[in-house]
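Chemist: What follows is a single structure, and I will ask about it in a moment.
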Amino acid sequence: MHSDSEALAMRESKRRERQDALENPDTDIGLCGWLLVGMSLLLMVVTLPLSIWMCIKIVKEYERAIIFRLGRILRGGAKGPGLFFILPCTDSFINVDMRTITFDIPPQEVLTKDSVTVSVDGVVYYRVQNATLAVANITNADAATRLLAQTTLRNVLGTKNLAEILSDREEIAHSMQSTLDDATDDWGIKVERVEIKDVKLPLQLQRAMAAEAEASREARAKVIAAEGEMNASRALKEASLVIAESPSALQLRYLQTLNTIAAEKNSTIIFPLPLEMMQGFIKH
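full-length UniProt numbering puts the first residue of the sequence shown at 1, with every later residue one more than the last.
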């Protein structure tokens, strides 16, 4: 746990160093650069007030602007939200959206650890945490994050067997989020959440799993029925022992049986006579 926190602090320190190097460059634009900037200022002053509409720009609350002056990022980093000022001819800018972006990971055919082919898709939520790094360190942060998410999904699921994929979706999503967040840190991207949407199994595998589940349920039902028969036989044995010790109990059982039959409104009632009653007649 301590080593993980140290590694995280080291990555954060390196990211800040790269950000400071981009936002506060040590190199100057040179004499020619300053000459071009002076000419741009002169052109702006000469063409006032028309040039003011070309020099003042607006960025929305959820956007940041990265200004390039003669190809170099302007000192201070991203600008906005609100108004900012650029020079004509020498300055250009790129707007960066800072809102959370959501995209679907296309279904990926993955071979699991136990050699089962499954199709898995998911959802990724991310946002631009540092606009300067997102512009200067990568060509297209959105496309790179999408491709990296697909590759990470295949790599993570390739180390899991089918049972783990079906039962441990939260753990897989957390592992993907950590991997993506570490990889996109240099791009100024923060991966906020990863979710596994659906796991599709081949039709033959679905049938095999259904047959296995049905066989397991039938086996459990047979075991339960056998246990019931065993318990019933034990109860009957105990009841026979009680009746054998007290012959009057058998007469009470006859009367109870007669009462049960009479309650059903049967037209014919067969009443069993005990053999003890017939022994007196046999002797005479």
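For every residue, glycine included, the Cβ atom is placed at its ideal position computed from N, Cα and C.
(1) What number of angstroms, rounded off, separates the C-alpha of C55 from the C-alpha of A136?
(2) Label I52 either buried or exposed according to how many other C-beta atoms from any shown protein chain fall within 10 Å of its C-beta, with 16 as the threshold for buried.
(3) In its own chain, which residues sit with a C-beta less than 8 Å from the C-beta of T100, not counting the 5 before and 5 after it?
(4) Could you tell me if F93 is buried or exposed, where buried requires 16 or more neighbouring beta carbons within 10 angstroms of its beta carbon?
(5) Output the residue ranges of the beta strand (DSSP E) runs that lie fully inside the UniProt domain "Band 7" (54-213) and measure 3 residues or longer, sorted by chain position.
(6) Does DSSP put L48 in a helix, in a strand, or in coil?
(7) Checking 9 Å against the spacing of the C-beta atoms, do Q150 and I189 come in under that value?
(8) Would you decide whether D185 is buried or exposed? Buried here means 16 or more other CB atoms lie within 10 Å of its CB.
(9) Do you know offhand how far T90's Cα is from A141's?
(10) Excluding the 5 residues flanking A183 on each side, which residues of the same chain have their C-beta closer than 7 Å to its C-beta?
(11) On a CA-only basis, which of G228, I58 and G80 is nearest M98? Give me that one, please.
(12) Using DSSP with H/G/I as helix, E/B as strand and the rest coil, what is S216?
(13) Report yes if the CB atom of N155 is closer than 9 Å to the CB atom of V116, and no otherwise.
(14) Checking contacts by CB at 9 Å: is T90 closer than that to chain D?
(15) Exposed or buried, residue 297, counting other C-beta atoms within 10 Å across all chains shown (16 or more means buried)?
Modeler: For this structure:
(1) Rounded to the nearest whole angstrom, the CA to CA distance from C55 to A136 is 23 Å.
(2) Exposed, since its Cβ has fewer than 16 Cβ neighbours within 10 Å.
(3) Y125, Y126, R127 and E192
(4) Result: buried.
(5) With a minimum length of 3 residues, the continuous beta strand (DSSP E) runs that stay inside the UniProt domain "Band 7" (54-213) are 56-59, 63-69, 82-85, 91-97, 101-111, 117-128 and 189-200.
(6) coil
(7) Not in contact: Q150 and I189 (Cβ atoms no closer than 9 Å).
(8) D185 comes out buried.
(9) 26 Å
(10) L148
(11) G80
(12) helix
(13) no
(14) In the displayed structure, chain D is absent; only one protein chain is listed.
(15) The question about residue 297 has no answer, for the chain in this structure spans 1 to 284.
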